[in-house]
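>
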Amino acid sequence: MNTKVSALWGAALAALLAAPAGFAQTSRIIDSIVAVVEEDVVLRSELDRSIATVLKQFANTGQQLPSRGILERQILEQLALMKIKLQNATATGIRINDSEIDTAIQRVARQSGITLDQMRRTIVADGLSWEQFREDMRNELSIQQLERRVANSRVNVSESEIDIFLSNQDQPQGEYRLGHILIIVPEGASPEEVQASRAKADEVYQELLDGMDFATAAITYSNGPQALQGGDLGWRPAAQVPTVIEAELSELSKGEFTRPIRDASGYHLFKVTDYRATSQTMITEINCRHIMVAINEVVGPDEALDIITNIHERLLSGEDFGELAKQFSDDTSSANLGGDMGWFQPGTFGGRVREVIDSLADGELSQPFQSAGGWHLIQKIATREQDRTEEIQREQAREAIRLRKAEEELRLWQRQIRDEAYVEFRI
3 MNTKVSALWG AALAALLAAP AGFAQTSRII DSIVAVVEED VVLRSELDRS IATVLKQFAN
63 TGQQLPSRGI LERQILEQLA LMKIKLQNAT ATGIRINDSE IDTAIQRVAR QSGITLDQMR
123 RTIVADGLSW EQFREDMRNE LSIQQLERRV ANSRVNVSES EIDIFLSNQD QPQGEYRLGH
183 ILIIVPEGAS PEEVQASRAK ADEVYQELLD GMDFATAAIT YSNGPQALQG GDLGWRPAAQ
243 VPTVIEAELS ELSKGEFTRP IRDASGYHLF KVTDYRATSQ TMITEINCRH IMVAINEVVG
303 PDEALDIITN IHERLLSGED FGELAKQFSD DTSSANLGGD MGWFQPGTFG GRVREVIDSL
363 ADGELSQPFQ SAGGWHLIQK IATREQDRTE EIQREQAREA IRLRKAEEEL RLWQRQIRDE
423 AYVEFRI
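Each residue of the sequence shown is one higher than the last, beginning at 3 in my numbering.
1. Could you check which residue in Leu-143, Pro-68, Val-425 and Asp-421 has the C-alpha nearest to that of Ala-191?
2. If you reduce the DSSP assignment to three classes, tell me which class Leu-379 lands in.
3. Using CA atoms only, rank isn't needed, just tell me which of Met-294, Gln-369 and Glu-357 is closest to Gly-340.
4. Among Leu-180, Thr-117 and Ser-101, which one has its Cα closest to the Cα of Leu-254?
5. I need the DSSP call for Pro-303, collapsed to helix, strand or coil.
6. Kindly give me the distance between the Cβ atoms of Glu-40 and Tyr-424, rounded to whole angstroms, as I take these residues to be in contact under 8 Å.
7. Ile-183 by DSSP, collapsed to three states: which one?
8. How long is the line joining the alpha carbons of Asn-141 and Pro-188, rounded to whole angstroms?
9. Which residues does DSSP list as the beta-bridge partners of Lys-273?
10. Secondary structure at Ile-504, three-state DSSP: helix, strand or coil?
11. Glu-299 to Ala-337, Cα distance in whole Å?
12. Got a sec? Which residues, its chain only, sit under 8 Å from Gly-302 by beta carbon, not counting five neighbours each side?
13. Taking the alpha-carbon positions, what's the Ala-217 to Gln-65 distance?
14. Do you know offhand how far Val-355's Cα is from Glu-397's?
15. If contact is defined by three or more beta carbon pairs under 8 Å, each pair taking one atom from either stretch, is the region 258-274 in contact with the region 312-327?
16. Apply the 10 Å Cβ neighbour rule to Phe-249 and answer buried if 16 or more other Cβ atoms are within range, or exposed otherwise.
17. To the nearest angstrom, report how far apart His-270 and Asp-165 are at their CA atoms.
18. Can you say whether Leu-143 is buried or exposed, counting buried as having 16 or more other CB atoms within 10 angstroms of its CB?
19. Gln-147 by DSSP, collapsed to three states: which one?
20. Measure from the alpha carbon of His-182 to the alpha carbon of each residue in Glu-387, Leu-367, Gly-375 and Tyr-223, then state which is nearest.
21. Which whole-angstrom value is the C-beta distance of Glu-411 and Pro-244, which I expect to be below 8 Å?
22. Can you tell me where the alpha helix (DSSP H) holding Phe-330 begins and where it ends?
23. By Cβ distance, which residues of its chain are closer than 6 Å to Ile-445, with the 5 residues on each side in sequence left out?
24. Going by CA-CA distance only, name the one from Arg-404, Leu-317, Thr-391 and Asp-104 that's closest to Gln-447.
25. Are the beta-carbon atoms belonging to Arg-390 and Asp-342 less than 8 Å from one another?
26. From the DSSP output, which residues share a beta bridge with Thr-385?
27. Is Pro-370 near Asp-360, with beta carbons less than 8 Å apart?
28. Let me confirm a value: Leu-379 is counted as buried when at least 16 other C-beta atoms fall within 10 Å, else exposed. Which label applies?
29. Nearest CA to the CA of Met-121: which residue from Arg-51, Leu-130 and Ala-111?
30. Using DSSP bridges, identify the partner residues of Trp-237.
31. Ile-247 and Gly-232: beta carbons closer than 8 Å?
32. Which residues does DSSP pair with Asp-204 in a beta bridge?
33. What would DSSP say about Val-358, mapped onto helix, strand or coil?
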């Protein structure tokens, strides 16, 4: 599969972890059931196709994959979990229609830099089923919607939490790319089960110390949702790293990894695979004054033009903009303020208004111009660079807290639905 479609497939179907698409057209395998998941099943052909896709994904990375048996077990677990989530989505009334699928596929194609036709031809040329691709997308969207519902129902962020978060002067800065390995502790685990999970985490940690590649270890051992992506959590601001690694982060350099860290889900190992700094956030803002003469049932286009032209001439002769705005402007949001539009970012106003503002120098008055609503005059007062770092940091703090909570809640929810489901592996 070429690079663009590989990226496309991964972006579109990450949560499906190589769902059963493609290869179906050429496979002559006689299907058998390899797992029972509640009232659904996982077929041997599904498992084999998913394994083939993972092998293709890592073919040119140079990473050593685990044995076929370990890979089968990891992928089978993820396929079972996917089916459990889809069953939950259906039970809660989630339905994805064809137009939503079309929109999602178009977005994936656009992000991949190819047309929809190119995307379809390449997928078909690689022996993949377009119909199955659409069905996989439907499943992916269903799972995303389900997880959003779960997170939204369980996560709230208060203003006091944001204040406490920002008051922490030791809050790490920059962005990290993290690798993750999770060794789960079953819900309601006995002391012996907890000890077994701890021993397994210590064993994985020792193998990492002995030189085992972190991504290979994740594929081999991790119970985390990104296991088959080598445990890659992607880039995230330091403020949004998982809570369990927060205390460890300042001690880690690029390439280093933690010892096993315990939380409610189990034992975690994290690796800092990369780091990049972030800087102060400056935003350009513009202040303008505005007079509008509306075209309506009372004032026709010609009369509106005459009025705005007269106002323009009076402004050029030295009359006060604010007084004329209060007297004549039909812009209800600014007229009583003397036409003052306040400070705003470039592009806030679309269409013709934006074009005129962009063309003006500070202090310059526009010529009369027309929009769908009427005739206008704009004076550009000033331009400034505004430090919005604190404001943006507060919004980022809100999002960081929300994402942390959501990640932890989803992990607990995922373990819960997995433990409650009837799953029988037959290999």
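A virtual CB, placed ideally from N, CA and C, is assigned to each residue, including glycine. These numbers come from a predicted model, not from an experiment.
On the basis of the data shown:
1. Asp-421
2. strand
3. Met-294
4. Leu-180
5. helix
6. 5 Å
7. strand
8. 27 Å
9. Gly-181 and Phe-259
10. In this structure the chain extends from 3 to 429, so residue 504 is not present and cannot be described.
11. 21 Å
12. none
13. 8 Å
14. 29 Å
15. no
16. The sequence given here places Ala at residue 249; Phe does not occur at that position. So Ala-249 ends up on the exposed side.
17. 28 Å
18. buried
19. helix
20. Tyr-223
21. Rounded, the Cβ-Cβ distance is 12 Å, inconsistent with contact.
22. 323-330
23. Given that the chain is displayed from residue 3 to residue 429, the structure contains no residue 445 and the question cannot be resolved.
24. Past the boundaries of the shown model lies residue 447; the chain is included only from 3 to 429, so the question cannot be answered.
25. no
26. Ile-288
27. no
28. buried
29. Ala-111
30. Arg-179
31. no
32. The partner list for Asp-204 (beta bridge, DSSP) is empty, contrary to what the question assumes.
33. helix
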